[in-house]
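**Student:** Line order of the protein sequences matches chains A and B.
In this text, residue positions in the first sequence follow my numbering: the first is 672, and each later residue adds one.
In this text, residue positions in the second sequence follow my numbering: the first is 672, and each later residue adds one.
Built from N, CA and C at the ideal position, the CB exists for glycine as well.
I'd like to ask some things about the structure below.
Protein chains: 2
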Amino acid sequence: MSEAPRKRGRPPSIDSAAAMQAVVELFRAKGFAAVSLDDLSDATGLSRPSLYRSFGDKLSMYMAAMDAFGAQVEQAAVPALLREGDLKTALSEFYDEMLAIYYRDDSIAAGCLVYGTAPGSADLSAVKSRLFASIEQLDDAMRDRIVRSFPDAEEGIINAAAQIASNTLMAFSARAKSGAPKDELSVMGAQSAHAICTLLEDT
Amino acid sequence: MSEAPRKRGRPPSIDSAAAMQAVVELFRAKGFAAVSLDDLSDATGLSRPSLYRSFGDKLSMYMAAMDAFGAQVEQAAVPALLREGDLKTALSEFYDEMLAIYYRDDSIAAGCLVYGTAPGSADLSAVKSRLFASIEQLDDAMRDRIVRSFPDAEEGIINAAAQIASNTLMAFSARAKSGAPKDELSVMGAQSAHAICTLLEDT
DNA sequence: TTATTTATGTACGAAACAGTACAAAATGCA
DNA sequence: TGCATTTTGTACTGTTTCGTACATAAATAA
């Protein structure tokens, strides 16, 4: 499996993962339409033809960037949500992990690549579908986690709680982009988690 | 005041309000960066030089569109929030009015001009400031309305409730753009209102 | 060494774009 | 009727942008 059959021609000299990370950060900061291929070329250090060969056209790059960003979220934040323990701390810690990503790029509050920039480009059907899938995935993850802590809650309440939990995260992206300080959102996340638990316990 | 002193030169032949409405719809559907002046020219029926004279450059048009959109929200939805009665129905009806705007343009779910497209263009400082102001305004309106129904609630709870109420609306825009059906969001709004009231009553 | 295969960047062409100069059109005023 | 004033669209400039053709570079295979 890990055999390297030594390929034939000139070996690639580009760091594909690092380039993709630069692509993610650029789209995250400026959105889809405002980024030109020259911008991407500058940010990655790859020539425009190399970009095409590696990632296809601009839309493909954007979609790939969303995949990469999603993988980072999956790896960094989702484990906090799934950890054992009470729902309130799990949610709070999940939000904090997401905020660490949203505020990752020191100076600018880059926010969420998906929830922050995809809605503005949802006239492209591929983007719209991807956004829908991401939201659905988030709702499902929230619902599953809630059921785990409150197995006897009725379905309507569970759905409402899950959606509120999702909505909080989506709003975080907009708030981060607007320049809201990270600490403020962290408190907001804890309060939101508290409210969700109150709702679930109360019924 | 309403005197028309009959101006001197050639009278304007353009309907400035209708043109602005077309500008709003275009930016709402495609975001800031993806719209070209030729698109705006086609949509409004105004020539490019006329657009410059009437509204300035593209960024000015976008800012003016956000003002116009905000005025529509102020006129159509905010009264529902401020109406007398219990908080739950006031919130639910406010959400429904906002959804009517978000889904206004029959075919496409245009969502919110501010929360849907501004985050993706927040690297422009003017847009970022405008987004921040809009969110702050929404939070304040929610807080005021909540205090009116729950004057004795403690401040921390009020803030949390207000932010949840705001977050719900912001998430609506993203969900609408993703293609979520309007009815689904209407139910979500009612459930969110219910949760907020539960939180306030419970403490 | 020579041929083959793969990767890379320079350089090109076509299209889209923003912004403006300028002349024509439409009104009031004398 | 002519003059001043304001609006309007055509036409033009320089720039940006996308996408690709093509020649060069770096490796393996024979």
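Is there a Cβ from chain A that is less than 8 Å from the Cβ of Tyr786 (chain B)?
**Tutor:** Yes, Tyr786 (chain B) lies at the interface with chain A (some Cβ there is under 8 Å from its Cβ).
**Student:** Below 9 Å between beta carbons is the criterion; list the residues of the region 830 to 852 of chain B that meet it against any residue of chain A, in chain order.
**Tutor:** Residues passing the 9 Å Cβ filter: Asn830, Ala831, Ala832, Gln834, Ile835, Ser837, Asn838, Thr839, Leu840, Met841, Ala842, Phe843, Ser844, Ala845, Arg846, Ala847, Lys848, Ser849, Gly850 and Ala851.
**Student:** Indicate whether Gln834 (chain B) and Met859 (chain A) have their beta-carbon atoms separated by less than 8 Å.
**Tutor:** It is a contact, given that the beta carbons lie within the stated cut-off.
**Student:** Taking a cut of 7 Å between CB atoms, which residues from the region 782 to 810 of chain A lie near chain B?
**Tutor:** Residues Gly782, Tyr786, Gly787, Thr788, Pro790, Gly791, Ser792, Ala793, Asp794, Lys799, Leu802, Phe803 and Ile806.
**Student:** Given a cut-off of 8 Å, decide if Ser792 (chain B) and Gly787 (chain A) are closer than it, judged by their beta-carbon atoms.
**Tutor:** Not a contact, by the Cβ cut-off of 8 Å.
**Student:** Quick one: which residues of the region 690 to 708 of chain B get their C-beta closer than 7 Å to a C-beta of chain A? List them in chain order.
**Tutor:** Correct list: Ala700, Lys701, Gly702, Ala704 and Ala705.
**Student:** When you compare only the Cα positions, how much space is there between Ser684 (chain B) and Glu745 (chain A)?
**Tutor:** Whole-angstrom Cα-Cα distance: 56 Å.
**Student:** Please classify Ala842 (chain A): is it buried, with 16 or more other beta-carbons within 10 angstroms of its beta-carbon, or exposed?
**Tutor:** Looking at its Cβ environment, which holds 16 or more other Cβ atoms inside 10 Å, Ala842 (chain A) is buried.
**Student:** If I'm right that Ala864 (chain A) touches Leu762 (chain A) with Cβ under 8 Å, what's the distance once you round it to whole angstroms?
**Tutor:** So it is a contact: roughly 4 Å between Cβ atoms.
**Student:** Say whether the region 692 to 711 of chain A touches the region 721 to 731 of chain A, bearing in mind that this needs 3 or more beta-carbon pairs closer than 8 Å, one atom from each stretch.
**Tutor:** Enough Cβ pairs lie closer than 8 Å, so yes.
**Student:** Between the alpha carbons of Ser687 (chain A) and Val749 (chain B), how many angstroms are there, rounded?
**Tutor:** Cα to Cα, Ser687 (chain A) sits roughly 50 Å from Val749 (chain B).
**Student:** Can you tell me whether Gly782 (chain A) is buried or exposed, with buried defined as 16 or more other CB within 10 angstroms of its CB?
**Tutor:** Burial call: buried.
**Student:** Residues of chain A with CB closer than 7 Å to the CB of Met859 (chain B), please, in chain order.
**Tutor:** Gln834, listed in chain order.
**Student:** With Tyr766 (chain B) as the anchor, note down where its alpha helix (DSSP H) starts and where it stops.
**Tutor:** That run of the alpha helix (DSSP H) goes Leu758 to Tyr773.
**Student:** Could you tell me the alpha carbon to alpha carbon distance between Asp854 (chain A) and Arg801 (chain B), rounded to whole angstroms?
**Tutor:** Cα to Cα, Asp854 (chain A) sits roughly 21 Å from Arg801 (chain B).
**Student:** Can you tell me whether DSSP reads Ile867 (chain B) as helix, strand or coil?
**Tutor:** Looking at Ile867 (chain B) - three-state DSSP - the assignment turns out to be helix.
**Student:** So what's Ile835 (chain B) in DSSP terms, helix, strand or just coil?
**Tutor:** Ile835 (chain B) falls in the helix class under three-state DSSP.
**Student:** Please classify Ala799 (chain A): does DSSP put it in a helix, a strand, or coil?
**Tutor:** Note that residue 799 (chain A) is Lys in the sequence shown, not Ala. It is helical.
**Student:** When burial is assigned at 16 or more other CB atoms within 10 Å of the CB, is Lys678 (chain A) buried or exposed?
**Tutor:** It counts as exposed.
**Student:** Straight-line CA distance for Phe821 (chain A) to Leu871 (chain A)?
**Tutor:** Their backbone Cα atoms lie some 7 Å apart in a straight line.
**Student:** Where do the ends of the alpha helix (DSSP H) carrying Ser687 (chain B) lie?
**Tutor:** That run of the alpha helix (DSSP H) goes Ser687 to Lys701.
**Student:** Just the Cα atoms here: how many angstroms apart are Ile817 (chain A) and Gly756 (chain A)?
**Tutor:** Spanning the two alpha carbons is a distance of roughly 11 Å.
**Student:** Alpha helix (DSSP H) containing Thr715 (chain A): first to last residue?
**Tutor:** Leu708 to Thr715 is the span of the alpha helix (DSSP H), which, as asked, contains Thr715 (chain A).
**Student:** I want to verify the contact list: residues of chain A whose CB lies under 7 Å from the CB of Thr869 (chain B), in sequence order.
**Tutor:** Thr869, Leu870 and Asp873, listed in chain order.
**Student:** Could you list which residues in chain A have their beta carbon closer than 8 Å to that of Ala866 (chain B), in chain order?
**Tutor:** The contacting residues are Ala831, Ala832, Ile835, Ala866, Ile867 and Leu870.
**Student:** For a cutoff of 8 Å on Cβ pairs, would you count Gln743 (chain B) as touching chain A?
**Tutor:** Judged by the 8 Å Cβ criterion, Gln743 (chain B) is not in contact with chain A.
**Student:** Could you pull out every residue in the same chain whose Cβ sits closer than 7 Å to the Cβ of Leu856 (chain A), ignoring the five residues on either side in sequence?
**Tutor:** Hits under 7 Å: Leu770, Phe843, Arg846 and Ala847.
**Student:** Taking the beta carbon of Ser707 (chain A) as the centre, do at least 16 other beta carbons fall within 10 Å, making it buried, or is it exposed?
**Tutor:** Answer is exposed; the Cβ neighbour count stays below 16.
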